[in-house]
Amino acid sequence: MSVADGIRDRIGSSSDPNDGAGGGLKLAALLTYLFLYGPILVVVVMSFDAGRYGLRWEFTTEWYASLATRSDLIGSLWLSVQIGIVVMIVSTVLAVIAAFGLSRFDWPKRKGPIATYLIFVPLTLPLIIYGIGLFVFFTRLGIGRGFLPIVVGHVLYALPFATLVVGAGVIDLDRSLEEAAMDLGADPLTTFREVTLPALMPNIVAAALFSFTLSFDEFLISFFVSGSGAVPLPVRIWGMVRADIEPEVYAISVVVLAISIAVAALATKLRRF
Amino acid sequence: MASTLHLDSVTKDFGDVRAVEGVSFDVEQGKFLTLLGPSGCGKTTTLRMIAGFETPTEGCVRLGDTDITAQEPYRRPTSMVFQNYALFPHKTVGENVGFGLKMRDVPRDERSDRVAGMLELIELPGIEDRGIDELSGGQQQRVALARALITEPEVLLLDEPLGALDLKLRKNMQVELKNLQEELGITFVYVTHDQEEALTMSDEIIILNDGEIEQRGTPTEIYESPRTRFVAEFIGDTNLLDGTYVENGSGATVECGGVDVPIDSFSAVTDGQSLSVSIRPEKIELGGRTGNGTTVTVGGEVKDVIYQGNVAKVHVDIDGTELVLEQQVIDTVNLPTPGSECTLSWDQENTNVLTG
Ligand SMILES: Nc1ncnc2c1ncn2[C@@H]1O[C@H](COP(=O)(O)OP(=O)(O)O)[C@@H](O)[C@H]1O
Ligand SMILES: [Mg+2]
């Protein structure tokens, strides 16, 4: 009997209401999920709480309604979406180029692994270094803080992840498909368009959505390089968090949550994980 | 348009590995040539150089009078059926088959007509709108064939195209492929490691060993007259005898332990040198024979009889040298019994002297 069978047996027997051990397992599972989603649940619950200072929870949607009047929050949300879209496009295009470069370019001896390492090492670096570096860099250039530095920072941040996702697809790609296309008369560009790109599309879409969410949620880099005119939502929210949190912050957090879940759901649907 | 495919001293190195070495051959238009050899002997590499996916390190490939050694694959009038079929998974059957025509800017209407015709030819009419993953292995194989044939290539290259099919389907497809090839008159260069497949289908066979050509010939020549030890062992079963070449008056003998095998005198070796011969088991008979050629007769003792249904393998010991013969089983009562004395005979023509 395999381990999996054993586990299945256990789970099977735990559906027996008289089984005390099974009940304990159920409780443990429930607590685990509660632990995982508890913080999110708190935000959701608070966003519908009418009694700002009261002790009793009462249902209301008024914070969502008043959210519409908060041009600071809405403006930042819109900015975050815009940044996310630009980052998504730039990072995905670069990721496709990087993935092909790394796996297809005829690297001289030992240069290939080094090139690969250099693309992925940022994954392990503290983000705060990026933040400081970008801040200094753009200040020296006289550009200062704002949209462009944020986009650049987010692309740097998202690119290794996106490259990883696209690269996995390129490595898995069956070379003979491209050869078959060429054999049938397709030049390299047509082959890329007709065969390579469609075959990679699930990975490319996943990389794009991944890039968007990474940018959309990013705080640390944005914190260093966002300026008065351009403050992405996470930085805006951080700025609003004081001893007492304005209820609109909960509401917009739930909106952000909904967007993130929607993007994740889309990614799962498009890519057969 | 009768273009012969020529390979001229083609060599291919992958780093330190020499995959193909000095391979030369030509195939006339409309012929079925098979490259046969064990795994890793350079069959696929040779095919890929003809298709244009690999550039030879040395030598050249010509089609008719045109040197195509450096021509891009998409400009060559060759088509390939890949070992794994390489059907485009995100395209329908119709789009797959019509791909080559689309690349040649054939108008949509004509394209769909020709795709329909092609699917009819491979006996899968009307499956244009199906997805590739809805097809069985055998159907995928046919679709891959259709996709390669629709552009009317001058040379069709097939890399173990039947390797993934089960035995029965493979046998059927062998016959169908051969018929199709004769019908269309397209040159086929066919790669396989399956000797039976090669013998069944080919006009000519080239035996490759470790990147080099061992022997080229018709199926009959390859089977009946193997010239090297490798070929004799690779194709079918055989008795390989190593011995010493001894000249005598009219002819010569190869003295192999207990057996002296008479052969025609052979100018390539001198007296006392070692030489090997090969005799196919089914060429040896039990008892004396009355052939019209020169008969070789030896006496021995039956060691073992292995019954295999239609035939029986009889192992005979001749003064310490073992010969195996194959006998049709017409009547099980007539099989020899182990331990009994026997006489073996064969036509001297069926003794193959191996030169390498
Ligand atoms: N792209 C390649 N890189 C390095 N070695 C290769 C490559 N392709 C083939 N080889 C080597 O060349 C030899 C012949 O391979 P191949 O032509 O595929 O043989 P076959 O098709 O007869 O099995 C093998 O030793 C194989 O490992
Ligand atoms: Mg091969």
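Just so you know, the sequences run in chain order L and Z.
This note's numbering applies: residue 74 is where the first sequence begins, and numbers increase by one.
This note's numbering applies: residue 27 is where the second sequence begins, and numbers increase by one.
Note that CB positions come from ideal geometry on N, CA and C, so glycine has one too.
Quick caveat, the model's predicted, so the values are computed rather than measured.
ask   = If we count the other Cβ atoms within 10 Å of its Cβ and call it buried at 16 or more, is GLY68 of chain Z buried or exposed?
value = It counts as buried.
query = For LEU250 of chain L, which residues of its own chain have a beta-carbon under 7 Å away from its beta-carbon, when the five flanking residues on both sides are left out?
reply = Taking LEU250 of chain L as the centre and dropping the five residues before and after it, the same chain places the C-beta of VAL268 and ALA272 closer than 7 Å to its C-beta, in chain order.
Under 7 Å by beta carbon: chain Z residues contacting SER249 of chain L = Around SER249 of chain L, the beta-carbon contacts reaching into chain Z at under 7 Å are PHE108, ASN110 and ALA112.
VAL169 of chain L to MET274 of chain L span [Cα, whole Å] = The alpha-carbon atoms of VAL169 of chain L and MET274 of chain L are separated by roughly 11 Å.
request  = Would you check if the region 93-105 of chain Z and the region 254-265 of chain L touch, i.e. whether three or more CB-CB distances between them fall below 8 Å?
outcome  = Judged by Cβ distances under 8 Å, the region 254-265 of chain L makes contact with the region 93-105 of chain Z, as three or more pairs qualify.
query = By a C-beta neighbour count over all protein chains shown, 10 Å radius and 16 as the cutoff for buried, is ASP21 of chain Z buried or exposed?
reply = What the structure shows of chain Z is the stretch from 27 to 382, and residue 21 of chain Z is not part of that stretch, so it cannot be assessed.
message = Can you tell me whether ALA172 of chain Z sits near ligand 1, meaning its C-beta is under 7 Å from at least one heavy atom of the ligand?
response = False, no ligand heavy atom lies under 7 Å from that Cβ.
ask   = If ILE310 of chain L sits next to VAL322 of chain L, beta carbons under 8 Å apart, how far is it from one beta carbon to the other, in whole angstroms?
value = Taking a contact as a CB-CB distance under 8 Å, the pair ILE310 of chain L and VAL322 of chain L counts as one, their CB atoms being some 6 Å apart.
ask   = GLY226 of chain L: buried (16+ other C-beta within 10 angstroms of its C-beta) or exposed?
value = Around the beta carbon of GLY226 of chain L, a 10 Å sphere encloses 16 or more other beta carbons of the protein chains shown; the residue is thus reported as buried.
request  = Rounded to whole angstroms, what's the CA-CA distance from ASN198 of chain Z to GLU149 of chain Z? Just pull it up for me.
outcome  = Looking at the two C-alpha atoms, the distance is approximately 13 Å.
query = Which ranges does the alpha helix (DSSP H) cover as unbroken runs of at least 4 residues, wholly within the region 44-102 of chain Z, from first to last along the chain?
reply = Fully enclosed alpha helix (DSSP H) runs of 4 or longer: 69-77.
inquiry  = Shorter than 7 Å, the distance from the beta carbon of ALA77 of chain Z to the closest heavy atom of ligand 1, or not?
reply    = The answer is no for ALA77 of chain Z.
Straight-line gap, SER176 of chain L to LEU191 of chain L (C-alpha atoms, nearest Å) = Roughly 14 Å between the two C-alpha positions.
query = Is the beta carbon of LEU196 of chain L sitting closer than 8 Å to the one on PRO233 of chain L?
reply = Yes, the Cβ-Cβ distance between LEU196 of chain L and PRO233 of chain L is below 8 Å.
task = Run down chain Z in chain order and give the residues with a C-beta less than 7 Å from the C-beta of PRO271 of chain L.
result = What PRO271 of chain L touches in chain Z: HIS116.
ask   = Going by DSSP, what residues sit across from TYR333 of chain Z in a beta bridge?
value = Bridge partners of TYR333 of chain Z according to DSSP: Z:ALA338.
task = Answer yes or no: the CB of LYS38 of chain Z versus the heavy atoms of ligand 2, is any distance below 7 Å?
result = For ligand 2, not one heavy atom lies less than 7 Å from the Cβ of LYS38 of chain Z.
ask   = Under 7 Å from any heavy atom of ligand 1, does the C-beta of SER249 of chain L make it?
value = Taking 7 Å as the cut-off, one finds no heavy atom of ligand 1 near enough to the beta carbon of SER249 of chain L.
query = For the 8 Å Cβ check, are there 3 or more pairs between the region 357-364 of chain Z and the region 295-304 of chain Z?
reply = The answer is no - the region 295-304 of chain Z does not touch the region 357-364 of chain Z, with fewer than three Cβ pairs under 8 Å.
ask   = Closer than 7 Å: is that where the CB of GLY185 of chain L sits relative to any heavy atom of ligand 1?
value = With a cut-off of 7 Å, the C-beta of GLY185 of chain L is classified as distant from ligand 1, since no heavy atom of the ligand falls inside that distance.
message = Contact between the region 216-226 of chain Z and the region 188-204 of chain Z is defined here as three or more beta-carbon pairs at a separation below 8 Å; is this criterion met?
response = Verdict: yes, contact present.
ask   = Is there a Cβ from chain L that is less than 8 Å from the Cβ of MET129 of chain Z?
value = At a cut-off of 8 Å between beta carbons, MET129 of chain Z contacts chain L.
message = If you measure between the beta carbons of GLU180 of chain Z and LEU89 of chain Z, is that distance less than 8 Å?
response = Yes, the Cβ-Cβ distance between GLU180 of chain Z and LEU89 of chain Z is below 8 Å.
ask   = By DSSP, does LYS38 of chain Z sit in helix, in strand, or in coil?
value = Three-state result, LYS38 of chain Z: strand.
ask   = In its own chain, which residues sit with a C-beta less than 7 Å from the C-beta of PHE297 of chain L, not counting the 5 before and 5 after it?
value = Around PHE297 of chain L: GLY204, ILE205, LEU207 and PHE208.
query = Taking the continuous alpha helix (DSSP H) assigned at THR104 of chain Z, which residues delimit it?
reply = Looking at the DSSP string, THR104 of chain Z is not in any alpha helix (DSSP H); the run it does join, the beta strand (DSSP E), is 104-107.
message = Closer than 7 Å between beta carbons: that is the criterion. Which residues of the region 82-100 of chain Z meet it against chain L?
response = Hits within the stretch, in order: PRO99 and TYR100.
ask   = In this structure, does DSSP put THR279 of chain Z in helix, strand or coil?
value = Looking at THR279 of chain Z - three-state DSSP - the assignment turns out to be strand.
ask   = Tell me, which residues are paired with ILE289 of chain Z by DSSP?
value = Residue pairing by DSSP puts ILE289 of chain Z in a beta bridge opposite Z:ALA278.
ask   = If you pair each beta-carbon of the region 247-259 of chain Z with each one of the region 228-235 of chain Z, do three or more pairs fall below 8 Å?
value = By the Cβ test, the region 247-259 of chain Z is in contact with the region 228-235 of chain Z, since at least three Cβ pairs between them sit closer than 8 Å.
query = Is the closest heavy atom of ligand 1 to the C-beta of THR60 of chain Z under 7 Å?
reply = No - ligand 1 has no heavy atom lying nearer than 7 Å to the Cβ of THR60 of chain Z.
request  = May I ask you to list the residues that DSSP assigns as paired with SER302 of chain Z?
outcome  = Looking at the DSSP assignment, SER302 of chain Z forms a beta bridge with Z:ASP268 and Z:LEU380.
Within 8 Å of chain L by C-beta, residues of the region 172-204 of chain Z in sequence order = Within the region 172-204 of chain Z, the qualifying residues are ARG173, ALA174 and THR177.
ask   = Of all the residues that make up the region 121-154 of chain Z, which are near chain L by a beta-carbon distance shorter than 7 Å?
value = Along the region 121-154 of chain Z, the positions whose C-beta sits under 7 Å from a C-beta of chain L are PHE125, GLY126, MET129 and ARG130, read in chain order.
inquiry  = Taking CB distances under 8 Å as the criterion, tell me whether LEU221 of chain L reaches chain Z.
reply    = No, no contact with chain Z.
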